[in-house]
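> Below you'll find the structure I mean.
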Amino acid sequence: MKIIETLRELSEVWKLFGDMPDDTTLNVELTALYLGISVKTLARYRQNGDGPPYIQYPTGNSKARNQRVNYLLGDLRIWRNGNKVVSTMKAAQVRGLAFNSLIDFTIPQPFWQINNSAELQNRNKILSHALRTPDERFKLYLKEERVHIVWVSIEEALSWDWTDMNERQVFNDSFVELLNNLIQLSNSAQELLEINHIFKK
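Just so we're aligned: 106 in the working numbering is position 104 of the sequence shown, and the numbers increase by one with no gaps anywhere.
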């Protein structure tokens with residue numbers, strides 16, 4: 003994947019994000035990966051004006067709609083620190099991991115995937131969600147050429163093979179819990195409709 007390869011090249015100079023200077027310039031793709039959000043979400047932040055500061059360069063024609071956008075790592079750090087929360091649920095919502103409807107399970111999310119053709123047990127398996135990966139492991143994954151980021155929905159990811167049963171369990175439980183709640187709500191609405199129908203006779 004181009005994004006990961008680019009980041010690996012940068013890591014050789016600055017030893018990954020943690021050691022990069024604040025004046026490091028990141029493109030849209032790397033910024034999205036650093037913040038743990040999709041490129042589309044980042045674009046929505048720019049449109050709404052509630053995202054991190056960015057630098058926009060005109061591409062030849064200053065009136066062109068598609069203009070090159072870059073971010074300074076220092077600005078991203080300040081913006082991310084400003085969005086820190088103490089509530090687990092609120093943190094999940096801020097980082098895009100709150101599941102309040104079925105639609106949330108269909109939105110692409112960043113997952114680490116390993117593709118080791120030499121080891122059958124580690125072929126095309128999900129390692130973890132990028133937003134739940136500890137920093138040290140995150141750095142190890144970046145250095146590993148057989149590990150890359152894939153953007154898939156939770157719904158699709160649950161149908162793939164995982165290396166960590168407990169990591170998958172987190173998303174499985176959230177998915178099942180939401181489905182059960184929706185089933186109960188639907189059954190309650192149906193029962194209420196039937197009761198009202200009986201009394202109207």
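Every residue gets a Cβ at the ideal spot worked out from N, C-alpha and C, and that includes glycine.
(1) Would you say L133 and Q111 are within 9 Å of each other, going by their C-beta atoms?
(2) For T33, which residues from the same chain have a beta carbon less than 7 Å from its beta carbon, with the 5 sequence-adjacent residues on both sides left out?
(3) Spatial neighbours of R170 within its chain, please: C-beta separation below 6 Å, excluding the five flanking residues on both sides.
(4) Figure out for me which residue from L35, R82, L75, G76 has the closest Cα to the Cα of D52.
(5) Can you tell me whether L129 is helix, strand or coil according to DSSP?
(6) Would DSSP call I197 helix, strand or coil?
(7) Under the three-state reduction of DSSP, which class applies to R46: helix, strand or coil?
(8) Specify, as a first and last residue, the run of the alpha helix (DSSP H) that L78 falls within.
(9) From the DSSP output, in three-state form, read off Y56 for me.
(10) Measure the CB-CB distance between N102 and L180 and report whether it falls below 9 Å.
(11) So, for L187: in the same chain, excluding its five sequence neighbours on each side, which residues have a beta-carbon less than 7 Å away from its beta-carbon?
(12) Taking the alpha-carbon positions, what's the S130 to V172 distance?
(13) Can you tell which of F140, P54, T108 has its C-alpha closest to the C-alpha of S161?
(14) Can the beta-carbon of D24 be found less than 9 Å from the beta-carbon of L75?
(15) Which one of I128, Y143, E157 has the shortest CA to CA distance from L104?
Taking the coordinates as given:
(1) yes
(2) L44, Y73, L78
(3) W164
(4) R82
(5) strand
(6) helix
(7) helix
(8) 75-84
(9) coil
(10) yes
(11) none
(12) 10 Å
(13) T108
(14) yes
(15) E157
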